[in-house]
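Chemist: Structure in C-alpha coordinates, see below.
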Amino acid sequence: MIPFRQAVRAWFGISLQTFGGPAGQIAVMQRTLVEEKRWIGQQRFNHALNYCMLLPGPEAQQLAIYVGWLLNGTRGGLVAGTLFVLPGMLALLVLSAVYIIWQDTSVVTALFAGIAPAVLAIVAQAVIRVAKRSLTHPVFVAVAVAAFAALALFAVLFPIVIAVAGAIGWAVHRLSPGMMKSGRGHGGDGGPAPLIPDDALHHVQPSLRSAGRILAVGLALWWVPVAAVALLAGTDSVFTTQGLFFSGTALVTFGGAYAVLAFVAQRAVETYAWLTPGEMVRGLALAETTPGPLIMVVQFVAFLGAYRDPGPLVPWAGALLGALLTTWVTFVPCFLFIFLGAPYVERLRHNTAISAALSGITAAVVGVIANLALYFAQHTLFTATGIWTWGPLHVQVPEITSPNPLALAITGAALIMAFALRWPMLRILGICALLGIASLLLPQV
28 MIPFRQAVRA WFGISLQTFG GPAGQIAVMQ RTLVEEKRWI GQQRFNHALN
78 YCMLLPGPEA QQLAIYVGWL LNGTRGGLVA GTLFVLPGML ALLVLSAVYI
128 IWQDTSVVTA LFAGIAPAVL AIVAQAVIRV AKRSLTHPVF VAVAVAAFAA
178 LALFAVLFPI VIAVAGAIGW AVHRLSPGMM KSGRGHGGDG GPAPLIPDDA
228 LHHVQPSLRS AGRILAVGLA LWWVPVAAVA LLAGTDSVFT TQGLFFSGTA
278 LVTFGGAYAV LAFVAQRAVE TYAWLTPGEM VRGLALAETT PGPLIMVVQF
328 VAFLGAYRDP GPLVPWAGAL LGALLTTWVT FVPCFLFIFL GAPYVERLRH
378 NTAISAALSG ITAAVVGVIA NLALYFAQHT LFTATGIWTW GPLHVQVPEI
428 TSPNPLALAI TGAALIMAFA LRWPMLRILG ICALLGIASL LLPQV
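Residue 472, in the numbering used here, is where the sequence shown stops; the numbers in between run on with no holes.
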(Lines of atoms letter the chains of each structure in order from A; the text may use other names.)
(Lines give C-alpha, C1' and ligand atoms only; values in the text may rest on other atoms or scores of the structure.)
Protein backbone atom coordinates (compact mmCIF):
# COMPACT_ATOMS: atom_id res chain seq x y z
CA MET A 28 0.00 0.00 0.00
CA ILE A 29 3.01 2.28 0.46
CA PRO A 30 5.18 2.80 -2.67
CA PHE A 31 8.57 1.37 -1.85
CA ARG A 32 10.55 4.41 -3.01
CA GLN A 33 8.34 6.66 -0.91
CA ALA A 34 8.90 4.43 2.10
CA VAL A 35 12.68 4.45 1.53
CA ARG A 36 12.67 8.26 1.46
CA ALA A 37 10.67 8.34 4.68
CA TRP A 38 13.05 5.93 6.45
CA PHE A 39 16.04 7.92 5.23
CA GLY A 40 14.50 11.07 6.71
CA ILE A 41 13.86 9.26 9.98
CA SER A 42 17.43 7.93 10.05
CA LEU A 43 18.78 11.49 10.11
CA GLN A 44 16.77 12.31 13.24
CA THR A 45 17.52 9.27 15.43
CA PHE A 46 19.23 11.20 18.23
CA GLY A 47 18.50 10.98 21.93
CA GLY A 48 18.39 7.25 22.53
CA PRO A 49 15.25 5.12 22.28
CA ALA A 50 12.95 7.83 23.64
CA GLY A 51 13.87 10.28 20.91
CA GLN A 52 13.96 7.59 18.23
CA ILE A 53 10.49 6.26 19.10
CA ALA A 54 9.27 9.86 19.14
CA VAL A 55 10.52 10.47 15.60
CA MET A 56 8.80 7.35 14.26
CA GLN A 57 5.62 8.16 16.18
CA ARG A 58 5.48 11.66 14.73
CA THR A 59 6.43 10.69 11.17
CA LEU A 60 4.56 7.42 10.64
CA VAL A 61 1.51 7.76 12.90
CA GLU A 62 0.81 11.49 13.06
CA GLU A 63 2.12 13.07 9.87
CA LYS A 64 1.93 10.40 7.17
CA ARG A 65 -0.89 8.38 8.83
CA TRP A 66 0.53 5.16 7.41
CA ILE A 67 -0.27 3.07 10.48
CA GLY A 68 -2.55 3.57 13.48
CA GLN A 69 -1.59 4.15 17.08
CA GLN A 70 -2.81 0.73 18.23
CA ARG A 71 -0.68 -1.04 15.65
CA PHE A 72 2.33 1.11 16.48
CA ASN A 73 1.90 0.35 20.18
CA HIS A 74 1.46 -3.37 19.52
CA ALA A 75 4.70 -3.49 17.55
CA LEU A 76 6.51 -1.48 20.23
CA ASN A 77 5.26 -3.82 22.96
CA TYR A 78 6.74 -6.83 21.18
CA CYS A 79 10.05 -5.06 20.60
CA MET A 80 10.22 -4.11 24.30
CA LEU A 81 10.19 -7.81 25.16
CA LEU A 82 13.21 -8.59 22.95
CA PRO A 83 16.92 -8.23 23.66
CA GLY A 84 18.61 -5.51 21.66
CA PRO A 85 17.80 -1.90 20.68
CA GLU A 86 14.00 -1.70 20.77
CA ALA A 87 13.81 1.41 18.57
CA GLN A 88 15.69 -0.25 15.70
CA GLN A 89 13.57 -3.38 16.08
CA LEU A 90 10.46 -1.21 15.95
CA ALA A 91 11.72 0.30 12.68
CA ILE A 92 12.23 -3.20 11.25
CA TYR A 93 8.76 -4.28 12.39
CA VAL A 94 6.99 -1.23 10.92
CA GLY A 95 9.05 -1.46 7.73
CA TRP A 96 7.95 -5.10 7.42
CA LEU A 97 4.32 -4.09 7.97
CA LEU A 98 4.50 -1.46 5.24
CA ASN A 99 6.60 -3.21 2.58
CA GLY A 100 7.31 -6.77 3.63
CA THR A 101 10.78 -8.24 4.10
CA ARG A 102 12.55 -5.69 1.90
CA GLY A 103 10.81 -2.90 3.81
CA GLY A 104 12.06 -4.30 7.11
CA LEU A 105 15.60 -4.67 5.76
CA VAL A 106 15.68 -1.10 4.46
CA ALA A 107 14.13 0.40 7.59
CA GLY A 108 16.43 -1.45 9.98
CA THR A 109 19.56 -0.80 7.91
CA LEU A 110 18.91 2.91 7.38
CA PHE A 111 18.14 3.25 11.08
CA VAL A 112 21.71 2.34 12.05
CA LEU A 113 23.64 3.41 8.93
CA PRO A 114 24.11 7.15 9.73
CA GLY A 115 25.26 6.38 13.27
CA MET A 116 27.60 3.64 12.07
CA LEU A 117 29.24 5.90 9.48
CA ALA A 118 29.43 8.84 11.88
CA LEU A 119 31.04 6.74 14.61
CA LEU A 120 33.52 5.22 12.15
CA VAL A 121 34.64 8.71 11.17
CA LEU A 122 34.77 9.89 14.78
CA SER A 123 36.73 6.81 15.82
CA ALA A 124 39.32 7.55 13.11
CA VAL A 125 39.41 11.22 14.17
CA TYR A 126 40.02 10.13 17.75
CA ILE A 127 42.88 7.83 16.74
CA ILE A 128 44.56 10.55 14.66
CA TRP A 129 44.06 13.65 16.80
CA GLN A 130 42.80 12.38 20.15
CA ASP A 131 40.53 15.45 20.02
CA THR A 132 36.91 15.76 18.98
CA SER A 133 36.15 19.26 20.28
CA VAL A 134 34.38 20.47 17.11
CA VAL A 135 32.29 17.32 16.92
CA THR A 136 31.54 17.52 20.63
CA ALA A 137 30.38 21.12 20.21
CA LEU A 138 28.19 20.14 17.26
CA PHE A 139 26.42 17.44 19.22
CA ALA A 140 26.33 19.58 22.35
CA GLY A 141 23.86 21.68 20.40
CA ILE A 142 21.91 18.71 19.07
CA ALA A 143 21.47 16.99 22.44
CA PRO A 144 19.31 19.76 23.96
CA ALA A 145 17.17 19.79 20.79
CA VAL A 146 16.52 16.10 21.34
CA LEU A 147 14.98 16.96 24.70
CA ALA A 148 12.21 18.77 22.81
CA ILE A 149 11.63 15.63 20.71
CA VAL A 150 11.47 13.48 23.82
CA ALA A 151 9.09 15.88 25.58
CA GLN A 152 6.74 15.73 22.61
CA ALA A 153 6.98 11.93 22.61
CA VAL A 154 5.98 11.56 26.25
CA ILE A 155 3.02 13.93 25.86
CA ARG A 156 1.72 12.47 22.61
CA VAL A 157 2.17 8.80 23.49
CA ALA A 158 0.53 9.42 26.87
CA LYS A 159 -2.48 11.14 25.30
CA ARG A 160 -3.06 8.26 22.91
CA SER A 161 -2.22 5.31 25.13
CA LEU A 162 -3.48 6.23 28.61
CA THR A 163 -7.20 5.96 27.86
CA HIS A 164 -8.25 4.89 31.38
CA PRO A 165 -7.20 5.78 34.95
CA VAL A 166 -5.84 2.25 35.41
CA PHE A 167 -3.42 2.80 32.53
CA VAL A 168 -2.38 6.15 33.98
CA ALA A 169 -1.64 4.41 37.28
CA VAL A 170 0.42 1.73 35.51
CA ALA A 171 2.45 4.39 33.68
CA VAL A 172 3.13 6.32 36.89
CA ALA A 173 4.02 3.13 38.74
CA ALA A 174 6.41 2.04 35.97
CA PHE A 175 8.14 5.43 36.03
CA ALA A 176 8.45 5.33 39.83
CA ALA A 177 9.74 1.75 39.83
CA LEU A 178 12.50 2.59 37.35
CA ALA A 179 13.38 6.12 38.49
CA LEU A 180 13.02 5.78 42.26
CA PHE A 181 13.52 2.12 43.14
CA ALA A 182 15.83 0.88 40.34
CA VAL A 183 13.55 -2.08 39.65
CA LEU A 184 14.82 -4.26 36.82
CA PHE A 185 13.22 -3.48 33.47
CA PRO A 186 11.97 -7.04 32.74
CA ILE A 187 10.15 -7.07 36.10
CA VAL A 188 8.39 -3.78 35.30
CA ILE A 189 7.24 -5.07 31.90
CA ALA A 190 6.12 -8.44 33.31
CA VAL A 191 4.08 -6.82 36.10
CA ALA A 192 2.49 -4.36 33.66
CA GLY A 193 1.48 -7.21 31.36
CA ALA A 194 0.00 -9.13 34.30
CA ILE A 195 -2.01 -6.06 35.36
CA GLY A 196 -3.39 -5.64 31.83
CA TRP A 197 -4.42 -9.30 31.72
CA ALA A 198 -6.02 -9.12 35.20
CA VAL A 199 -7.98 -5.98 34.31
CA HIS A 200 -9.30 -7.68 31.21
CA ARG A 201 -10.44 -10.66 33.27
CA LEU A 202 -12.23 -8.46 35.80
CA SER A 203 -13.64 -5.86 33.38
CA PRO A 204 -13.36 -6.90 29.70
CA GLY A 205 -15.23 -3.84 28.42
CA MET A 206 -12.69 -1.42 29.86
CA MET A 207 -10.01 -2.46 27.37
CA LYS A 208 -12.23 -1.38 24.50
CA SER A 209 -12.70 2.14 25.79
CA GLY A 210 -10.81 4.95 24.17
CA ARG A 211 -9.95 3.00 21.04
CA GLY A 212 -10.17 4.67 17.67
CA HIS A 213 -8.33 5.11 14.43
CA GLY A 214 -6.41 8.25 14.98
CA GLY A 215 -7.16 9.21 18.55
CA ASP A 216 -6.64 12.88 17.65
CA GLY A 217 -9.50 13.62 15.29
CA GLY A 218 -7.29 13.14 12.22
CA PRO A 219 -7.98 10.88 9.24
CA ALA A 220 -7.87 7.11 9.60
CA PRO A 221 -4.48 5.50 8.98
CA LEU A 222 -3.79 4.09 5.53
CA ILE A 223 -3.42 0.61 7.00
CA PRO A 224 -6.35 0.05 9.42
CA ASP A 225 -5.58 -1.15 12.92
CA ASP A 226 -7.75 -4.24 12.45
CA ALA A 227 -6.27 -5.36 9.11
CA LEU A 228 -4.23 -8.55 9.18
CA HIS A 229 -0.83 -8.71 7.53
CA HIS A 230 -0.83 -10.88 4.41
CA VAL A 231 2.06 -13.08 5.62
CA GLN A 232 0.77 -16.28 7.18
CA PRO A 233 2.97 -17.74 9.94
CA SER A 234 4.14 -21.29 9.34
CA LEU A 235 6.79 -23.63 10.67
CA ARG A 236 8.30 -23.96 7.20
CA SER A 237 8.68 -20.22 6.82
CA ALA A 238 10.01 -19.89 10.37
CA GLY A 239 12.57 -22.62 9.74
CA ARG A 240 13.77 -20.93 6.56
CA ILE A 241 14.10 -17.54 8.29
CA LEU A 242 15.93 -19.12 11.21
CA ALA A 243 18.38 -20.95 8.94
CA VAL A 244 19.15 -17.90 6.81
CA GLY A 245 19.37 -15.60 9.84
CA LEU A 246 21.74 -17.84 11.79
CA ALA A 247 23.93 -18.30 8.71
CA LEU A 248 24.16 -14.56 8.10
CA TRP A 249 24.91 -14.03 11.78
CA TRP A 250 27.60 -16.65 12.31
CA VAL A 251 29.30 -17.21 8.92
CA PRO A 252 31.32 -13.94 9.18
CA VAL A 253 32.46 -14.93 12.69
CA ALA A 254 33.48 -18.39 11.46
CA ALA A 255 35.29 -16.88 8.47
CA VAL A 256 37.28 -14.54 10.69
CA ALA A 257 38.17 -17.42 13.00
CA LEU A 258 39.46 -19.47 10.05
CA LEU A 259 41.41 -16.64 8.43
CA ALA A 260 42.77 -14.81 11.49
CA GLY A 261 42.80 -17.60 14.06
CA THR A 262 40.56 -18.46 16.99
CA ASP A 263 42.73 -16.43 19.35
CA SER A 264 42.63 -13.25 17.26
CA VAL A 265 41.01 -10.06 18.50
CA PHE A 266 38.46 -10.30 15.68
CA THR A 267 37.21 -13.73 16.75
CA THR A 268 37.10 -12.62 20.37
CA GLN A 269 35.11 -9.51 19.48
CA GLY A 270 32.73 -11.45 17.21
CA LEU A 271 31.94 -13.98 19.93
CA PHE A 272 31.79 -11.47 22.79
CA PHE A 273 29.48 -8.99 21.07
CA SER A 274 27.30 -11.78 19.68
CA GLY A 275 26.71 -12.76 23.29
CA THR A 276 25.95 -9.23 24.45
CA ALA A 277 23.39 -8.87 21.64
CA LEU A 278 21.34 -11.58 23.37
CA VAL A 279 21.30 -10.05 26.85
CA THR A 280 20.55 -6.35 26.23
CA PHE A 281 17.09 -6.39 27.79
CA GLY A 282 15.83 -3.00 28.93
CA GLY A 283 18.06 -0.91 26.70
CA ALA A 284 21.77 -0.48 26.22
CA TYR A 285 22.44 0.90 29.71
CA ALA A 286 21.50 -2.48 31.17
CA VAL A 287 24.49 -4.14 29.51
CA LEU A 288 27.03 -1.34 28.99
CA ALA A 289 28.47 -1.69 32.49
CA PHE A 290 29.31 -5.32 31.70
CA VAL A 291 30.72 -4.37 28.29
CA ALA A 292 32.87 -1.64 29.81
CA GLN A 293 34.21 -3.93 32.52
CA ARG A 294 35.19 -6.70 30.09
CA ALA A 295 36.51 -4.37 27.36
CA VAL A 296 38.68 -2.36 29.78
CA GLU A 297 39.75 -4.83 32.44
CA THR A 298 39.64 -8.24 30.76
CA TYR A 299 40.56 -7.53 27.13
CA ALA A 300 42.33 -4.14 27.54
CA TRP A 301 40.91 -2.88 24.26
CA LEU A 302 40.73 0.68 25.62
CA THR A 303 41.13 2.70 28.81
CA PRO A 304 38.32 3.71 31.21
CA GLY A 305 38.53 7.32 30.00
CA GLU A 306 38.25 6.20 26.38
CA MET A 307 35.18 4.14 27.25
CA VAL A 308 33.55 7.26 28.68
CA ARG A 309 34.46 9.29 25.58
CA GLY A 310 33.11 6.57 23.32
CA LEU A 311 29.84 6.53 25.25
CA ALA A 312 29.57 10.31 24.91
CA LEU A 313 30.07 10.08 21.15
CA ALA A 314 27.48 7.30 20.85
CA GLU A 315 24.96 9.28 22.89
CA THR A 316 25.24 12.29 20.61
CA THR A 317 25.37 10.58 17.21
CA PRO A 318 22.28 9.19 15.48
CA GLY A 319 21.26 5.59 16.01
CA PRO A 320 21.08 3.22 19.00
CA LEU A 321 23.33 3.85 21.98
CA ILE A 322 24.61 0.26 21.79
CA MET A 323 26.58 1.51 18.75
CA VAL A 324 29.29 2.38 21.28
CA VAL A 325 30.48 -1.22 20.89
CA GLN A 326 31.70 -0.23 17.41
CA PHE A 327 33.99 2.39 18.96
CA VAL A 328 35.24 -0.20 21.45
CA ALA A 329 35.97 -2.73 18.71
CA PHE A 330 37.62 -0.10 16.48
CA LEU A 331 40.14 0.88 19.14
CA GLY A 332 40.73 -2.69 20.27
CA ALA A 333 41.38 -4.00 16.75
CA TYR A 334 43.52 -0.98 15.80
CA ARG A 335 45.86 -1.71 18.71
CA ASP A 336 46.00 -5.47 18.06
CA PRO A 337 45.40 -5.97 14.32
CA GLY A 338 47.22 -9.28 14.03
CA PRO A 339 48.43 -9.83 10.43
CA LEU A 340 46.58 -6.75 9.15
CA VAL A 341 47.71 -3.15 9.11
CA PRO A 342 46.14 -1.23 12.05
CA TRP A 343 43.59 0.71 9.98
CA ALA A 344 42.38 -2.40 8.16
CA GLY A 345 42.15 -4.26 11.44
CA ALA A 346 40.19 -1.43 13.04
CA LEU A 347 37.72 -1.32 10.16
CA LEU A 348 37.26 -5.10 10.19
CA GLY A 349 36.73 -5.21 13.94
CA ALA A 350 34.24 -2.33 13.88
CA LEU A 351 32.20 -3.71 10.96
CA LEU A 352 32.16 -7.27 12.35
CA THR A 353 31.02 -6.02 15.75
CA THR A 354 28.27 -3.89 14.21
CA TRP A 355 27.15 -6.88 12.12
CA VAL A 356 26.84 -9.34 15.00
CA THR A 357 25.14 -6.71 17.17
CA PHE A 358 22.33 -5.84 14.76
CA VAL A 359 21.74 -8.92 12.58
CA PRO A 360 19.95 -10.69 15.49
CA CYS A 361 17.42 -7.81 15.54
CA PHE A 362 16.31 -8.63 12.01
CA LEU A 363 16.10 -12.31 12.90
CA PHE A 364 13.90 -11.69 15.95
CA ILE A 365 11.46 -9.50 14.01
CA PHE A 366 11.15 -11.57 10.84
CA LEU A 367 10.78 -14.72 12.91
CA GLY A 368 8.24 -13.43 15.40
CA ALA A 369 6.28 -10.66 13.68
CA PRO A 370 3.90 -12.92 11.68
CA TYR A 371 2.87 -14.65 14.91
CA VAL A 372 2.64 -11.41 16.90
CA GLU A 373 0.37 -9.89 14.24
CA ARG A 374 -2.13 -12.74 14.72
CA LEU A 375 -2.06 -12.21 18.47
CA ARG A 376 -3.58 -8.74 18.04
CA HIS A 377 -7.01 -10.40 17.94
CA ASN A 378 -6.42 -12.50 21.03
CA THR A 379 -8.20 -10.40 23.65
CA ALA A 380 -6.29 -11.74 26.65
CA ILE A 381 -2.87 -11.20 25.07
CA SER A 382 -3.92 -7.83 23.66
CA ALA A 383 -4.99 -6.81 27.16
CA ALA A 384 -1.60 -7.82 28.56
CA LEU A 385 0.11 -5.82 25.83
CA SER A 386 -2.14 -2.84 26.62
CA GLY A 387 -0.73 -2.93 30.13
CA ILE A 388 2.76 -2.99 28.66
CA THR A 389 1.83 -0.02 26.45
CA ALA A 390 0.95 1.97 29.56
CA ALA A 391 4.23 0.95 31.20
CA VAL A 392 6.13 2.02 28.09
CA VAL A 393 4.91 5.59 28.67
CA GLY A 394 6.60 5.45 32.07
CA VAL A 395 9.70 3.88 30.51
CA ILE A 396 9.98 6.68 27.93
CA ALA A 397 9.45 9.27 30.68
CA ASN A 398 12.25 7.67 32.70
CA LEU A 399 14.56 7.68 29.68
CA ALA A 400 13.67 11.32 29.11
CA LEU A 401 14.55 12.13 32.73
CA TYR A 402 17.87 10.30 32.43
CA PHE A 403 18.71 12.06 29.18
CA ALA A 404 17.72 15.45 30.60
CA GLN A 405 19.86 14.98 33.71
CA HIS A 406 22.95 14.09 31.68
CA THR A 407 22.34 16.87 29.15
CA LEU A 408 21.50 19.78 31.43
CA PHE A 409 24.02 18.95 34.18
CA THR A 410 27.66 17.96 34.01
CA ALA A 411 27.57 15.69 37.05
CA THR A 412 25.06 13.37 38.68
CA GLY A 413 25.04 11.20 41.77
CA ILE A 414 23.08 8.37 43.37
CA TRP A 415 20.95 9.09 46.43
CA THR A 416 19.97 6.01 48.44
CA TRP A 417 17.61 5.82 51.39
CA GLY A 418 16.09 2.47 52.26
CA PRO A 419 14.49 1.07 49.09
CA LEU A 420 14.87 4.39 47.28
CA HIS A 421 17.70 4.44 44.73
CA VAL A 422 17.54 7.72 42.83
CA GLN A 423 19.92 9.28 40.37
CA VAL A 424 19.93 13.03 40.94
CA PRO A 425 21.87 15.83 39.23
CA GLU A 426 24.31 17.91 41.23
CA ILE A 427 22.61 21.31 41.35
CA THR A 428 26.01 23.00 41.48
CA SER A 429 26.91 21.59 38.05
CA PRO A 430 24.42 23.08 35.58
CA ASN A 431 25.39 23.29 31.91
CA PRO A 432 24.46 26.88 30.93
CA LEU A 433 24.87 26.25 27.20
CA ALA A 434 22.63 23.18 27.29
CA LEU A 435 20.02 25.00 29.38
CA ALA A 436 19.94 27.93 26.94
CA ILE A 437 19.71 25.75 23.82
CA THR A 438 17.07 23.54 25.44
CA GLY A 439 14.94 26.60 26.17
CA ALA A 440 15.27 27.73 22.57
CA ALA A 441 14.42 24.24 21.27
CA LEU A 442 11.30 24.01 23.44
CA ILE A 443 10.11 27.39 22.17
CA MET A 444 10.71 26.38 18.56
CA ALA A 445 8.96 23.02 19.07
CA PHE A 446 5.94 23.95 21.20
CA ALA A 447 5.34 27.67 20.56
CA LEU A 448 6.52 28.08 16.96
CA ARG A 449 5.80 24.45 15.95
CA TRP A 450 8.77 24.38 13.60
CA PRO A 451 9.77 21.12 11.84
CA MET A 452 12.17 19.06 13.89
CA LEU A 453 14.89 18.98 11.24
CA ARG A 454 14.95 22.79 11.27
CA ILE A 455 15.19 22.77 15.06
CA LEU A 456 18.03 20.25 15.00
CA GLY A 457 19.90 22.29 12.39
CA ILE A 458 19.59 25.55 14.32
CA CYS A 459 20.62 23.93 17.60
CA ALA A 460 23.62 22.28 15.91
CA LEU A 461 24.75 25.70 14.65
CA LEU A 462 24.34 27.11 18.15
CA GLY A 463 26.52 24.32 19.48
CA ILE A 464 29.29 25.06 16.97
CA ALA A 465 28.96 28.79 17.68
CA SER A 466 29.67 28.04 21.34
CA LEU A 467 33.32 27.40 20.37
CA LEU A 468 33.63 31.14 19.80
CA LEU A 469 32.63 31.89 23.38
CA PRO A 470 35.44 32.53 25.88
CA GLN A 471 36.26 29.43 27.89
CA VAL A 472 35.68 29.85 31.62
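For each residue, glycine too, the CB sits at the ideal point set by N, CA and C.
Let me know if residue 31 comes out buried or exposed under the rule of 16 or more other beta-carbons within 10 Å of its beta-carbon.
Modeler: Residue 31 should be labelled exposed.
Chemist: Can the beta-carbon of residue 138 be found less than 8 Å from the beta-carbon of residue 441?
Modeler: No, these two residues do not count as a Cβ contact at 8 Å.
Chemist: Where do the N-terminal and C-terminal ends of the alpha helix (DSSP H) with residue 438 fall, by residue?
Modeler: Counting along the chain, the alpha helix (DSSP H) containing residue 438 begins and ends at 432-442.
Chemist: Would you report the Cα separation of residue 278 and residue 355, rounded to the nearest angstrom?
Modeler: Taking the straight line from one Cα to the other gives about 14 Å.
Chemist: Just how far apart, CA to CA, sit residue 118 and residue 322?
Modeler: Those two C-alpha atoms are separated by around 14 Å.
Chemist: Less than 7 Å between C-beta atoms, sequence neighbours within five positions excluded: which residues of the same chain meet that for residue 66?
Modeler: Closer than 7 Å at the Cβ level, and outside the excluded window around residue 66, lie 29, 60, 98, 221, 222, 223.
Chemist: Using the DSSP secondary-structure output, state which residues sit across from residue 423 in a beta bridge.
Modeler: The partner list for residue 423 (beta bridge, DSSP) reads 414.
Chemist: Rank 326, 83, 148, 237 by C-alpha distance to the C-alpha of residue 407 and give the top, closest one.
Modeler: Taking only the C-alpha atoms, the option nearest residue 407 is 148.
Chemist: Excluding the 5 residues flanking residue 401 on each side, which residues of the same chain have their C-beta closer than 7 Å to its C-beta?
Modeler: The residues are 179.
Chemist: Whole angstroms is fine: what's the gap from residue 255's alpha carbon to residue 313's?
Modeler: Taking the straight line from one Cα to the other gives about 30 Å.
Chemist: Could you pull the start and end residues of the alpha helix (DSSP H) that residue 111 belongs to?
Modeler: That run of the alpha helix (DSSP H) goes 86-129.
Chemist: Count the other C-beta atoms from every protein chain shown that fall within 10 angstroms of the C-beta of residue 225, then say buried if there are 16 or more, exposed otherwise.
Modeler: Buried, since its Cβ has 16 or more Cβ neighbours within 10 Å.
Chemist: Quick check: what's the CA-CA separation for residue 240 versus residue 467?
Modeler: Between residue 240 and residue 467, the C-alpha separation is close to 54 Å.
Chemist: Under 8 Å by Cβ, that's how I've got residue 345 and residue 329 pegged, so tell me the actual separation to the nearest angstrom.
Modeler: Residue 345 to residue 329, Cβ: 10 Å. No contact.
Chemist: Return the CA-CA distance between residue 63 and residue 259, expressed in angstroms with no decimal places.
Modeler: C-alpha separation (whole angstroms): 49 Å.
Chemist: Between residue 351 and residue 196, is the Cβ-Cβ spacing less than 8 Å?
Modeler: No.
Chemist: Roughly how many angstroms lie between the CA atoms of residue 111 and residue 79, to the nearest whole one?
Modeler: Rounded to whole angstroms, residue 111 to residue 79 spans 15 Å at the Cα level.
Chemist: Tell me the DSSP secondary structure of residue 223 in three-state form.
Modeler: Of the three classes helix, strand and coil, the one that applies to residue 223 here is strand, per DSSP.
Chemist: Within 8 Å, do at least three Cβ pairs link the stretch 45-55 to the stretch 119-128?
Modeler: Output reads no: the stretch 45-55 does not touch the stretch 119-128.
Chemist: When burial is assigned at 16 or more other CB atoms within 10 Å of the CB, is residue 396 buried or exposed?
Modeler: Residue 396 should be labelled buried.
Chemist: May I ask you to list the residues that DSSP assigns as paired with residue 67?
Modeler: According to DSSP, which records beta bridges pairwise, residue 67 is partnered with 223.
Chemist: In or out: residue 162 buried (at least 16 other Cβ within 10 Å) or exposed?
Modeler: Buried: at least 16 other Cβ atoms inside 10 Å.
Chemist: For residue 184 and residue 367, I'd like the C-alpha separation in whole angstroms.
Modeler: Using only the alpha carbons, I get a separation of about 26 Å.
Chemist: Are residue 443 and residue 189 closer than 8 Å when you measure CB to CB?
Modeler: No, the pair does not count as a contact, with Cβ atoms beyond the cut-off.
Chemist: Consider the Cβ of residue 345: report whether some Cβ of chain C lies at a distance smaller than 8 Å.
Modeler: Although the question refers to chain C, the structure presented lacks it and comprises just one protein chain.
Chemist: How would you label residue 437, buried or exposed, when you count the other beta carbons within 10 angstroms and need 16 or more for buried?
Modeler: It is buried - the Cβ of residue 437 has at least 16 other Cβ atoms within 10 Å.
Chemist: Taking Cβ to Cβ, would you say residue 332 is nearer than 8 Å to residue 269?
Modeler: Closer than 8 Å, so yes.
Chemist: Might you give, ordered along the chain, the residues of its own chain that have their beta carbon closer than 6 Å to the beta carbon of residue 463, omitting 5 neighbours on each side?
Modeler: 137, 138, 140, 141, listed in sequence order.
Chemist: Sort out for me which residues DSSP pairs residue 409 with in a bridge.
Modeler: Paired residue(s): 430.
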